[in-house]
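Number of protein chains: 2
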Amino acid sequence: MNLIVQKFGGTSVKSVARIKNVAGIIARAAAAGPVVAVASAMGDTTDYLLKLAQQASASPDRRELDALLATGEQISIALLSMALRERGVQAVSMSGPQLGITTENVHTAARIVEIKTDAIRRHLECGRVVVAAGFQGTTAEGDITTLGRGGSDTTAVALAAALGARTCDIYTDVSGVYTADPNIVPTAKLLPEISYDEMLEMARVGAQVLHPRAVVLARQYGLPLRVRNTFDPDHKGTVLKGVGQMEIYRPVSGVTLDRDQARLAILQVPDRPGIAGEVFGALANSHISVDMIIQAFHEGGAVNDITFTVKRNQLQAARALLEQIASTVGAGGILADQDVAKVSIVGAGLMDQPEVAATMFRELGRARINIKMISTSDIRISCVVSDGDSERAVQLVHDVFHL
Amino acid sequence: MNLIVQKFGGTSVKSVARIKNVAGIIARAAAAGPVVAVASAMGDTTDYLLKLAQQASASPDRRELDALLATGEQISIALLSMALRERGVQAVSMSGPQLGITTENVHTAARIVEIKTDAIRRHLECGRVVVAAGFQGTTAEGDITTLGRGGSDTTAVALAAALGARTCDIYTDVSGVYTADPNIVPTAKLLPEISYDEMLEMARVGAQVLHPRAVVLARQYGLPLRVRNTFDPDHKGTVLKGVGQMEIYRPVSGVTLDRDQARLAILQVPDRPGIAGEVFGALANSHISVDMIIQAFHEGGAVNDITFTVKRNQLQAARALLEQIASTVGAGGILADQDVAKVSIVGAGLMDQPEVAATMFRELGRARINIKMISTSDIRISCVVSDGDSERAVQLVHDVFHL
C-alpha cells in the first residue's frame, strides 16, 4: 500500500494551536495518498492524570491506571480529527480498542500481540485519514491496556508494519538525529541517515528522539523510519534504515549525554555465587531500573566491588536497599554518588577499530576529566564522568572525532 | 437480583476528595449486596472539553465530539475504582463500550437500544463492584456515542432495568425533591414520596434533581428511584414510585422556578397554514430548543401572534432567525424579552381542581405580579413572569398552597 504512518508526540500536540499545526502536516500528506496519523496525549496530560491517580490511591490499581491514562490520547485524537475536518479532510479518531490493537494482559507496560486491521482498512478505503491513539490497546477480554514508555512510537511502527505502510514518519521537536545534542555542542551536525542499530545505542544512552522499542520493531520488519520536525516539516530529517544501506565507513556516528544518572557501589563483597543475583533481584523487585553494571575484582580475588548506575530519582530508594543487602551479605560498605553523567559514542564501525576507544579515553584524560566507569557494546562506548565535566567531555569527544 | 444501582452526578465527583467520599457510600452498600455505581464526569470536565473542541473547530464533528466527551466519565470511573480498591473493595471501571451499551447511531444525543449485560454480570458474580461510565455508549459499528443531557441518570436507570435491580439511587447535592427551591423558599419541605408523573413535571420546569428522560424510563419499567444526598448519605431522600402508591389527595406537590428563560414573539403573522411549522422547523434546524409555545388570535382572526420561550443563551440566535422569517412571511414584527422566568406548580390532582389554577392567577395578580404567558398540562400550571418578580412569586405560591 502507498500508505504512510505519521506519529506526533506530546510536544507536537501540546495545545490546540499545535494540534492545528499538525493537522496541516497531515492534510498535506493526505493530499498525496492514504495516511494513518498516530498521536500521543497532549503535553502534560499524562502527568496530570497520574497526579489525580496518586490522590485517589496510594498505589493505584494498574487496570484502572490504564483506563485513566488511555483518556489522554482519546482527547488528542478527537481534537486532531476535528481540526482535520475543519480543514475539509475526512478523518476519524480511533482508540486502541477501536483500532483492534490486542495486547498481552499486562497493565501499564503491555506488549502488542496482534492488530486486526479490518476497521482501519475500512476507513482508509473510504478515503478517510485514520487518527489513531498511540500508547494503548485492549486485552482479549476487552480491558484497556497501555504500552508503557515509548508506547506511541511503538503503536506507530506496529500499525505501519501491520498495514504494510511504505514508511513511518516520527514527528518530534527536533529536525532529526544529530551527532551530538546541539544545545551542548553547537557544531553538532544532523545525520541524514543512521542504521537501526546505531539509533538503538543512541536512544538507549540518552538521545531521546525515538524509543528503542519502536526501533527494534522497525528493524524486525525492515520498515524505514524517518525522524522529522513538527515545527519545520519541510526538513528531510533523518532516515533510519537497515544495515545494508548504512554508511559503514563512519567509525563514530554521534556522541550522547545522559545526565539522569547516579552511581552506586557495594564494596568488598565476599566472592561467592548468587550475590549479584541477590542485589539486582532486590532492585528489580522494587522496580528500580539499573543501567550500567560493573563488577571489579579486588587483589587476591576474595572480595568484589559491584558498581552500577540508576536514574537519579531512584538513588535514595536504591541506596536504602543496598545498605540492607550490604549488612546481610557481609560487604565492606556502600558508595552513592549523585554527581555523575554518562558520555557515549556510537558507531557501527566501533568494534573493528580499537583505536577509537583508546582515543576517547586518552583525550578525556588529557583534559583532566576523570573516567569513573566504562562500559562498551559492539557499537557503543560509554564513560561515566563527573556531572560537572560532562558537557565539556561531549564537546571534546565531538571535536576529536571530527563530527 | 438483590442488586442496587447508585448514580453520582458531576458535583458528587467534582474532586478526588469527593470521589473518596463517594467511595465510602458505595463501600457501605457493597457490604450489603451487589452494587453497580454509575458516575458522571468530574465537575466542569465536560465544559472544559467542549471549550477545547471549539478551539479545534468552529463546528466540531459530532462523532469526534462524542469520542472527546466520553473521556470525562472514563477519568472519573477509573479514579473512583482506584479509591474503592484503596478501601479494600474489589471494583472495576467499565466504559460505555465495555458495559455493552449499544445506542442508535446518532451522535451527541443517542438513545439506548440495548444493553448486553454479560460482561457486567461476570464481574458482579466475582463479587466486584462495577463502576460504570454514565452518559455514553457505542454504536453497533463500535463508534462512541453520548446520550446527551440527562445521560448519566438515563444510564443508571437503564442499567438498573436491564439488570433487574431492586432500586436505583440517584445521589445529588440535595436531600431529595422539595416543595420548592429551599434557596428561594426557606420553608420548603422535602417530599418523602412523589409519583413519576409529578416528578416529570417538576424536572421539566426546573427542579434539576433528576432528568425527565430517566424518570420516563423508570416509569416504563416500574423501577423505584430514590433521590439522595451525597453529602448526607444517611438521609432517606425522596422515593419515586408509580401512580398506585402516590398520595393522590395532595393537589399541589411543589412549586418550581426556571430562570433560564427568554421570551420571543413573532407578531401579526398572516393566518395561513404552515407558518408555525416554518418558524419552529427553522429553530429546530438551528438546534434551538423551544419550551412554551402560545399562539394567540388577534381580533378578526386574519393575523396571529406566536409567542414562545427559549433558553437565554439561545435568545440572540433565535432572534436573528425570527427576524428573517418575519420578513419572508410578512409578519408585523418580532419581540424579544430576556427578563422572564417561569413559575410552575405541579400536582397529580390539578386536573380535577380548576380552583387551583384560578387561585394561582388571582394571588399573583393581587401581588401585582404580571403574568406574561400561561401554559398548562394535566398536572402542571406554568406562568411566565418578570425575572425580577419570580422569587417573590415562588414564595407567594408556596404560601398560598400551604406547602
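In the order they appear, the protein sequences are chains A and B. Just so we're aligned, residue 311 is where the first sequence starts under our numbering, counting upward by one. Just so we're aligned, residue 311 is where the second sequence starts under our numbering, counting upward by one. In this text, a Cβ means the ideal position worked out from N, Cα and C, and glycines have one as well. Being a predicted model, the structure only gives us computed values, none of them experimental.
With contacts defined as CB atoms closer than 8 Å, V565 (chain B) and V704 (chain B) qualify as a contacting pair.
Interface flag for Q446 (chain B) against chain A is unset, since no Cβ pair is found closer than 8 Å. Nearest in C-alpha terms to A401 (chain A), of all of A:Q408, A:E414, A:V345, is A:V345. Contact check for L533 (chain A) against V467 (chain A) passes: the beta carbons are separated by less than 8 Å. The stretch 592-599 of chain A and the stretch 649-663 of chain A do not touch, with fewer than 3 CB-CB distances between them shorter than 8 Å.
Closer than 8 Å to the CB of V707 (chain A) there is not a single CB belonging to chain B.
In the DSSP assignment, D615 (chain A) falls within the unbroken beta strand (DSSP E) covering 613-620. Neighbours of M392 (chain A) in chain B, taken as residues at a C-beta separation under 7 Å, are given in chain order as A363, A366, S367, P370, D371, E374. Shown here, P407 (chain A) sits in a helix according to DSSP, grouped into three states. Here A341 (chain B) is exposed. Its C-beta has fewer than 16 other C-beta atoms within 10 Å. Counting along the chain, M352 (chain B) sits inside no alpha helix (DSSP H), nor does DSSP assign it H or E at all.
Under DSSP, R538 (chain A) forms a beta bridge with A:Y481.
Between T638 (chain A) and R573 (chain A), the CB-CB gap reaches or exceeds 8 Å. Among the residues of chain A, those whose CB is under 8 Å from the CB of I385 (chain B) are L359, L362, L378, T381, following chain order. Proximity of Q408 (chain B) to chain A, defined by a Cβ-Cβ separation below 8 Å, is satisfied. For C693 (chain B), DSSP records a beta bridge to B:V653, B:I684.
Put simply, the CB of I425 (chain A) is far from chain B, with every gap to its CB atoms at 8 Å or more. Near chain B, meaning a CB-to-CB distance below 7 Å, no residue of the stretch 455-468 of chain A qualifies. Taking CB atoms only, G334 (chain B) has no neighbour in chain A less than 8 Å away. Per DSSP, reduced to three states, the secondary structure at I494 (chain B) is coil, with no helix or strand assignment. Where K551 (chain A) is concerned, the enclosing beta strand (DSSP E) starts and stops at 548-551.
At a C-beta separation below 8 Å, V326 (chain B) has these neighbours in chain A: L362, Q365, A366.
Residue state for K426 (chain A) is assigned as coil, using DSSP reduced to three classes. In the structure shown, F671 (chain B) falls within a helical segment according to DSSP collapsed to helix, strand and coil. Taking a 10 Å sphere around the C-beta of V519 (chain B), we find 16 or more other C-beta atoms and assign the residue as buried. By the C-beta criterion, the stretch 695-703 of chain A is judged to be in contact with the stretch 646-656 of chain A, since at least 3 inter-stretch pairs fall below 8 Å. By DSSP's assignment, T455 (chain B) forms a beta bridge with B:G447. Annotated as distal: A627 (chain B) and Q605 (chain B), with beta-carbon spacing of 8 Å or more. Cβ proximity to chain B below 9 Å picks out nothing from the stretch 690-707 of chain A. DSSP links P580 (chain B) through a beta bridge to B:V613.
For R431 (chain A), the secondary structure class from DSSP, reduced to helix, strand or coil, is helix. For Q316 (chain A), the enclosing beta strand (DSSP E) covers residues 314-318. About 7 Å separates the beta carbons of M404 (chain A) and I430 (chain A), which is inside the 8 Å limit, making them a contact pair. Here G406 (chain A) is near G447 (chain A), since their CB atoms are less than 8 Å apart. Here the C-alpha atom of A490 (chain A) lies approximately 7 Å from the C-alpha atom of H708 (chain A).
Close to I329 (chain B), with beta-carbon spacing below 8 Å, are these residues of chain A in chain order: A366.
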